[in-house]
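Visitor: Residue numbers (the numbering used here): 2 to 214.
Have a look at this one:
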């Protein structure tokens, strides 16, 4: 969850040429996916993306070159334990295909350059999915009785007491998993400045916080 004050929301709407009046409505036709992406980038800045660009000496420019992106994919995104014959490192031709897929700027695509916005959509893309793509569609038998799919799950795992003013504790995760639970809840929020370290808490309540890490 990203904090967003009124001014930031208005600026994000204005950058997309959308009405920012309190009681104004947005026509769905004026808010396609491309506009939504621009709005999201303005509303929720991603400083960690800037850190990636800086680490590859690309911060001084509004893009990452094909060489930079190839190094990033092979050095940071690729599992070094993989067999290089079976899973070879990315080549520049493959990287160019990724740029053409995720980079919003036509000029950058032609030049083999990836902008910070393009990097965001690449990292959110299928190539970086934590779930195997063949597991995304329904692939298991879903015709059995509901009770056959029971899983020992936990709600508000981090709380030691009530969800309005209870105390949060990482110990609850240990106890829950040891008791046989196989589905826990991580209610993640952006932490307080200056480091904004991610926290776990029950939003908009008086419960205490614990660090995500």
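We treat Cβ as the ideally placed atom computed from N, Cα and C, and that holds for glycine.
Quick one: grab the DSSP three-state call for residue 169.
Guide: Residue 169: strand per DSSP, three-state reduction.
Visitor: Would DSSP call residue 20 helix, strand or coil?
Guide: In the structure shown, residue 20 sits in coil (DSSP, three-state: anything other than H, G, I, E or B).
Visitor: With H, G and I counted as helix, E and B as strand and the rest as coil, what does DSSP make of residue 114?
Guide: Of the three classes helix, strand and coil, the one that applies to residue 114 here is strand, per DSSP.
Visitor: Spell out the partners DSSP gives residue 212 in its beta bridges.
Guide: For residue 212, which the question treats as bridged, DSSP gives the partners 200.
Visitor: State whether the stretch 136 to 143 contacts the stretch 152 to 170, with contact taken as three or more CB pairs (one from each stretch) at a distance under 8 Å.
Guide: The stretch 136 to 143, when compared against the stretch 152 to 170, does not touch it at the 8 Å Cβ threshold.
Visitor: In the DSSP assignment, what residue or residues form a beta bridge with residue 219?
Guide: Since the first residue of the chain shown is 2 and the last is 214, residue 219 is not available in this structure.
Visitor: Among 199, 153, 191, whose alpha-carbon lies nearest the alpha-carbon of residue 177?
Guide: If we check each option's Cα against that of residue 177, 153 comes out closest.
Visitor: What does residue 160 pair with, by DSSP beta-bridge criteria?
Guide: In DSSP, residue 160 forms a bridge with 169.
Visitor: Consult DSSP for residue 206 and reduce its assignment to one of helix, strand or coil.
Guide: Reduced to three states, the DSSP call for residue 206 is coil.
Visitor: Taking DSSP's pairing of strands, which residues face residue 66 in a bridge?
Guide: DSSP, once it has assigned bridges, lists 114 as partnering residue 66.
Visitor: Give the single residue among 203, 74, 17, 54 whose Cα lies nearest to the Cα of residue 30.
Guide: Comparing Cα-Cα distances from residue 30 to each of 203, 74, 17, 54, the minimum goes to 17.
Visitor: Beta carbon of residue 123, beta carbon of residue 115: below 8 Å?
Guide: Going by C-beta atoms, residue 123 is nearer than 8 Å to residue 115.
Visitor: For residue 109 and residue 168, what's the separation of their Cα atoms in angstroms?
Guide: Taking the straight line joining both Cα atoms gives about 50 Å.
Visitor: Let's test the definition: count the other Cβ atoms within 10 Å of the Cβ of residue 205 and tell me whether it reaches 16, buried, or not, exposed.
Guide: Label assigned to residue 205: exposed.
Visitor: Among 130, 76, 13, 200, which has the Cα closest to the Cα of residue 170?
Guide: Nearest option by C-alpha distance: 200.
Visitor: In whole angstroms, what separates the C-alpha of residue 118 from that of residue 103?
Guide: Answer to the nearest angstrom: the Cα atoms are 9 Å apart.
Visitor: For residue 195 and residue 68, I'd like the C-alpha separation in whole angstroms.
Guide: Residue 195 and residue 68: Cα-Cα distance of roughly 33 Å.
Visitor: Less than 8 Å between the CB atoms is what I'm expecting for residue 186 and residue 192, so what's the real figure, rounded?
Guide: Going by Cβ atoms, the distance from residue 186 to residue 192 rounds to 18 Å, so no, they are not a contact pair.
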